[in-house]
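Before any comments, here is the structure.
Residue numbers (my numbering), protein chains in the order written: chain D, 570 to 1119; chain Y, 148 to 293.
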């Protein structure tokens, strides 16, 4: 049997090479993994169904974390949105919920992400531009006005100041009469990838990790439906990494959070079931599917074997996916709809738990309502028309895909070893290892593009000149003026003695080693602003400067 | 500082044997993939590149540009603050009598805004998908708008 197959392969290979249409010399994935023109059972010689795959909802979860996957429940369509003031974004949320979206995902503006109030000189020109401006609990109340927080789940994309926005969300829940345990959602809160890729760090790594651990502990004790961290590869990938680097660096970050939380005294099974992940879905279709499947398998093994987790929920890697912003092109903007659709399909074939599809015009500005609508509909077409939801992990057993899944896993393992050799994730941040690996990969990508070794339609092939103009969303200066005005009114209206006292208490807590969440909750309830809280933290923790390299 | 720096500012090509460019991320966002790739490509093409890093204010950028005696400033923004921060750089350069320093940019900048910025004195805005060779040629051939 084996001999016959080999002969068949060789006969085919001879015909392949001798054919009139001379085959291309070599091909590889975006990560540089060599890809053969054909795969056969021989490529899975040492492969075992039970060891590599198992059944959906069972260890090692390669085929999905739930037994019924999309047969039981569709992935959550979760479109990231936010712009201008809390009033404007609140209107967009109500619209999105009325259109069939199941969960909210908050985009904050740059000042909020970097911990500055809207009236800070450094916020000039940035207020409300790439997300919603939130300065205090008052804005947060407006953002969720008329939306009952126990009826939805909310994802908040924020990192350095994450604990503050988390406290605000809990406080809005209280005001609406919903106890913390009834609130469900996700805080991105992944500070490690900020140093590695997105660069929205503020404090040095160690106090930053302490804040993350405080939120993990608070959620573990009070909020069973809350994911305190969304360990993110998305930003690593968008910064230019390969798929293998995205997979490896993200899981390495995950291990660092697990170790820090265990060092804080938590049992691994007390928090691991609520760790969630966030990946990019790029344009290399099969490599992405393989990456998602490998991620689940790797994490299950790491949690069970390395950290001794006993609860099967601790072994499950649940993840959100966003299609690749960097794959969109300014040229022939409408083509971005098809890119996004392929990327979304890869995420679904890879078993994503929730999904954001980018709007075609995001390469130019924040999306218009029309473009955002098409992006939402792209997911609905995928979910209800294409039939991809009918069979769980439908590509399992493909000689090619299983081979590539194993290859992703091996590539990640090589990086884990290199990170470990250098002394772990924090050391690799400080010595610039991650940053250098990513910058090199980003440069290599551009080089291939320049050399036409990689084709992007409309960019280095099939160009059409500048093409038609597309309408873009504009945020006028009135947003900033309105927000600054609102903040000024709040500061004169609130009890400023309480504000001073709460900030003093917070600094005392920050200097000690107890959990800062209760003191943070007291601050936000007294309408202490985000900028004021961050200033207090900076006084205690200091600020971080990264090594500059390119 | 290179010995061939002329005392009197003149056309970029006269001042330095190789063009000197300050690159910087202006504003609060940290998306540095583009600026790093462009900086490296320019350096590999023989340009003297000084990358100032993240979160540079217009004041910091102009100060560094004058201190480093550069021919041009290349700024990258992805946060939407370009219509506030880039005009401010132009203003400060004028105020410091350094308006001969060329300003160009890139990032997420809508076409209409790019047009407006060019009217204000920015020489070129390179949007996503611009080839590196285009930017290298721009810098090595005297910073002329396409």
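All C-beta atoms, glycine included, are put in the ideal place defined by N, C-alpha and C.
- For residue 781 of chain D, DSSP assigns no beta-bridge partner whatsoever.
- Closer than 8 Å to the CB of residue 1012 of chain D there is at least one CB belonging to chain Y.
- Residues of the same chain with a CB within less than 6 Å of the CB of residue 212 of chain Y, apart from the 5 flanking positions on each side, are 169, 220 and 248 in chain order.
- Per DSSP, residue 256 of chain Y is not a residue of any beta strand (DSSP E), being assigned neither H nor E.
- Only those residues of the segment 884–917 of chain D whose C-beta falls short of 9 Å from the nearest C-beta of chain Y are listed: 895, 897, 898, 899 and 900.
- Within 10 angstroms of the beta-carbon of residue 1065 of chain D lie fewer than 16 other beta-carbons, which makes it exposed.
- Residue pairing by DSSP puts residue 756 of chain D in a beta bridge opposite D:725.
- For residue 823 of chain D, the enclosing alpha helix (DSSP H) stretches over residues 812–832.
- Counting of Cβ neighbours within 10 angstroms places residue 237 of chain Y among the buried residues, the total reaching 16 or more.
- Within the same chain, 837 come within 8 Å of residue 877 of chain D by CB-CB distance, once the 5 residues on both sides are set aside.
- Per the C-alpha coordinates, the member of D:775, D:928 and D:896 positioned closest to residue 1082 of chain D is D:775.
- Selection D:1114, D:712, D:1079 and D:585 evaluated against residue 1102 of chain D yields D:1079 as nearest (Cα-Cα).
- Classified as exposed, residue 986 of chain D has fewer than 16 neighbouring CB atoms from the shown chains inside 10 Å of its CB.
- Listed along chain Y is no residue with a C-beta nearer than 9 Å to that of residue 1092 of chain D; the closest approach is about 23 Å.
- In this structure, the alpha-carbon of residue 866 of chain D lies about 9 Å from that of residue 633 of chain D.
- Within chain D, the residues placing a beta-carbon under 8 Å from that of residue 230 of chain Y are 694, ordered along the chain.
- At a Cβ-Cβ threshold of 8 Å, residue 1099 of chain D and residue 703 of chain D count as neighbours.
- Take the alpha-carbon of residue 245 of chain Y and the one of residue 1114 of chain D: they are about 29 Å apart.
- For the segment 927–950 of chain D, the set of positions with a beta-carbon nearer than 7 Å to some beta-carbon of chain Y reads 932, 933 and 934 in chain order.
- Nearest CB-CB separation between residue 180 of chain Y and chain D: below the 8 Å threshold.
- In the three-state reduction of the DSSP assignment, residue 907 of chain D falls in the helix class, which pools H, G and I.
- For residue 264 of chain Y, same chain residues with a beta-carbon under 8 Å away, outside a window of 5 residues either side, are 229, 230, 233, 234, 252, 256 and 272 in chain order.
- Around the beta carbon of residue 292 of chain Y, fewer than 16 other beta carbons lie within 10 angstroms, which makes this residue exposed.
- Shown here, residue 198 of chain Y sits in a strand according to DSSP, grouped into three states.
- Within the segment 631–691 of chain D, the runs of beta strand (DSSP E) that reach at least 3 residues and sit entirely inside it are, in chain order, 672–676.
- The beta-carbon of residue 680 of chain D is placed less than 8 Å from the nearest beta-carbon of chain Y.
- Here residue 293 of chain Y carries a coil assignment [DSSP, helix/strand/coil].
- Within chain Y, the residues 177 have their CB atoms less than 7 Å from the CB of residue 767 of chain D, given in chain order.
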